[in-house]
Amino acid sequence: MKQISFIVILFTILSIKNPIYLSSIIAILWLISFKQSYKLTIKVIKSIFLFNLGISIAYLIMAIFKNNNLDYLIYINLKVFAMTYFVFWFFSKNNMVQFFSFSKELSYLLTITLSQIYSYKKTYEDFRLAYKARVIKKLRKREEGFITKTFEFFLKKALKDSKERSLALKARGFFDD
């Protein structure tokens with residue numbers, strides 16, 4: 038039942054074409070999640086900021102050269118915000134693993150994904166704490182080197198892990214050759 042209501046609400050948000058209605062949906066979501074609304078709003082902004090900024094700047098440049106209206110830019114940013122806010126709010130109230138339990142394949146993929154997220158999060162936290170323990174003062178050059186080396190490590194780890202996971206998925210019949 039939760040799956041159906043989630044899909045219906047998500048498709049309802051997707052089908053709304055009017056920015057005023059989208060703003061109303063966002064206001065309703067804020068009212069529903071009253072105690073969490075500030076925290077969820079910050080989380081949503083952090084997660085969509087770079088993507089929306091890139092898309093918005095590109096669209097703005099195109100709109101200037103083609104003399105287009107900026108209504109679409111407002112509309113698409115509101116839609117992304119509303120959908121992301123709804124998804125974050127929904128899964129803050131519902132267990133994601135239980136939600137996808139209707140499908141063996143989705144449960145398996147979710148388990149793999151979550152284990153990778155938690156593994157990376159723990160590794161990053163270990164790096165951060167090790168760096169903090171070894172550096173007395175904040176030195177920008179050293180921080181840049183640390184960030185570069187950490188990014189390089191995670192990139193290599195992600196490539197290695199993706200190869201291992203794709204082989205595991207292939208062995209379980211997820212990819213047909």
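Plus 37 on top of the position in the sequence shown (first one is 1) and you've got the working numbering.
Ideal placement from N, C-alpha and C gives every residue a C-beta, glycine not left out.
Cβ of residue i within 8 Å of any chain C Cβ
| i | result |
| --- | --- |
| aspartate 198 | The chain inventory of the structure shown lacks chain C, comprising one protein chain alone. |
Residue i (DSSP reduced to helix, strand or coil)
| i | result |
| --- | --- |
| arginine 202 | helix |
| phenylalanine 136 | helix |
| arginine 165 | helix |
| isoleucine 79 | helix |
| asparagine 114 | helix |
| glycine 210 | coil |
Residue i versus residue j - alpha carbon distance
| i | j | result |
| --- | --- | --- |
| phenylalanine 139 | isoleucine 44 | 14 Å |
| isoleucine 149 | leucine 68 | 34 Å |
| methionine 24 | lysine 116 | For residue 24 there is no data in the structure shown, the boundaries of the chain being 38 and 214. |
| valine 134 | isoleucine 154 | 14 Å |
Residue i: first and last residue of the uninterrupted alpha helix (DSSP H) it sits in
| i | result |
| --- | --- |
| leucine 107 | No alpha helix (DSSP H) contains leucine 107, which DSSP labels as neither H nor E. |
| phenylalanine 48 | 39-52 |
| serine 61 | 56-69 |
Buried or exposed by the 16-neighbour rule on C-beta atoms within 10 Å, applied to residue i
| i | result |
| --- | --- |
| serine 52 | exposed |
| isoleucine 94 | exposed |
| leucine 110 | buried |
Close-in-space but distant-in-sequence residues of the same chain around residue i (CB under 7 Å, 5 per side omitted)
| i | result |
| --- | --- |
| lysine 39 | Asn131 and Phe136 |
Chain-order list of residues whose beta-carbon lies under 8 Å from that of residue i (same chain, five-residue window excluded)
| i | result |
| --- | --- |
| leucine 47 | Met120, Phe123 and Val124 |
| isoleucine 50 | Leu59, Ile62, Lys116, Ala119, Met120 and Phe123 |
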